[in-house]
Amino acid sequence: MERTGEESDFGHGGTRQCGKNSYRSRDSRRFEPFWVHFTVGYFQSTIFNLCLDLFQKTPGCSPHSGILQSGHEAGKVRGDYFDLGGGKRIRGIWKNYYSESHGVVFVVDSTDVQRIQETRETMAEVLQHPRISGKPVLVLANKQDKDGALAEADIIENLSLEKLVNENKCLCQIEPCSAVLGYGKKLDKSIKKGLNWLLHNIAKDYEAITERVLRDTAEQRALEEQDKKERAERVRRIREER
């Protein structure tokens, strides 16, 4: 198992409070897409953050129940990403964004042993989706600075990670890390390494992934438009019946 001038989109996944805000910025209202500094080639990146942590255990980070967006430019590189809340009530909207994603980042709480099964099930549901399956996956095993954090091998085993990525034909890399070590130049080197790996693998298969993204996005927009028309028609009929 492998630590397993264009536009690329990412999905970044998780279930509640996994500390993903810590590795972006100390200010939870400001999001810095730091990975643009490590790209090769020229990319415009859209990142979807889905945090696989079920407890509120990271100081200074709040669980999200909505969508936050920000952007950053560095030369010819632009990074845009969406932070999708990890609460159960909002996970249902994740699938609305899969079509736009070139890759996936999962942030996992390495200390949350009690709910590792729910984390595994959530990851499986995401990776099995036809608009995600086959895209490169980065797993950031966060909170390695905490007592009781699972080691890399234990996380792979408990998440059945090798089985999941092989079944869904996803290249995968796992990086044990500690997001609270800092941000910007002080960012954990493992996070930088992982994001660089993700960008390299997206770049290698960029044309095929982009063709898929464009097709899936067009299909999803058509479905959304059809749903909008059907809802409008139902409302019209209800009003007429009154």
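As numbered in our numbering, residues 5 to 246 make up the sequence shown, in order.
Just so you know, even glycine gets a beta-carbon here, dropped at the ideal spot from N, CA and C.
Computed from a predicted structure; not experimentally measured.
Can you round the beta-carbon distance between residue i and residue j to whole angstroms, since I take them to be within the 8 Å contact cut?
i: Val-141; j: Leu-131; result: 7 Å
i: Ser-182; j: Asp-158; result: So it is not a contact: roughly 16 Å between Cβ atoms.
i: Leu-163; j: Arg-124; result: 5 Å
i: Lys-147; j: Ser-114; result: 5 Å
List the DSSP bridge partners of residue i.
i: Asp-113; result: Asn-146
i: Gln-224; result: Answer is none; Gln-224 lacks a bridge partner.
i: Val-141; result: Val-108, Cys-176
Helix, strand or coil for residue i, going by three-state DSSP, please let me know.
i: Gln-121; result: helix
i: Gln-132; result: coil
i: Gly-198; result: helix
i: Gly-152; result: coil
i: Ile-94; result: coil
i: Asp-158; result: helix
i: Asp-209; result: coil
i: Arg-216; result: helix
Keeping to the same chain, check which residues put their C-beta closer than 8 Å to that of residue i; ignore five residues upstream and five downstream.
i: Glu-234; result: none
i: Val-217; result: Asp-13, Ser-103, Glu-104, Ser-105, His-106
i: Glu-223; result: Ser-103
i: Lys-197; result: Glu-179
i: His-133; result: Lys-99, Tyr-102
i: Ile-195; result: Tyr-27, Leu-144, Glu-179, Cys-181, Ala-183
Please confirm whether residue i has its beta-carbon closer than 7 Å to some beta-carbon of chain D.
i: Thr-214; result: Looking at the structure shown, chain D is missing, and only one protein chain is on hand.
Which first and last residues belong to the alpha helix (DSSP H) in which residue i is found?
i: Glu-166; result: 165 to 171
Looking at the unbroken beta strand (DSSP E) that takes in residue i, where does it start and where does it end?
i: Pro-180; result: 176 to 180
Cutting at 7 Å between CB atoms, please list the residues of its own chain near residue i, excluding the five before and the five after it.
i: Ile-160; result: Glu-166, Ile-178
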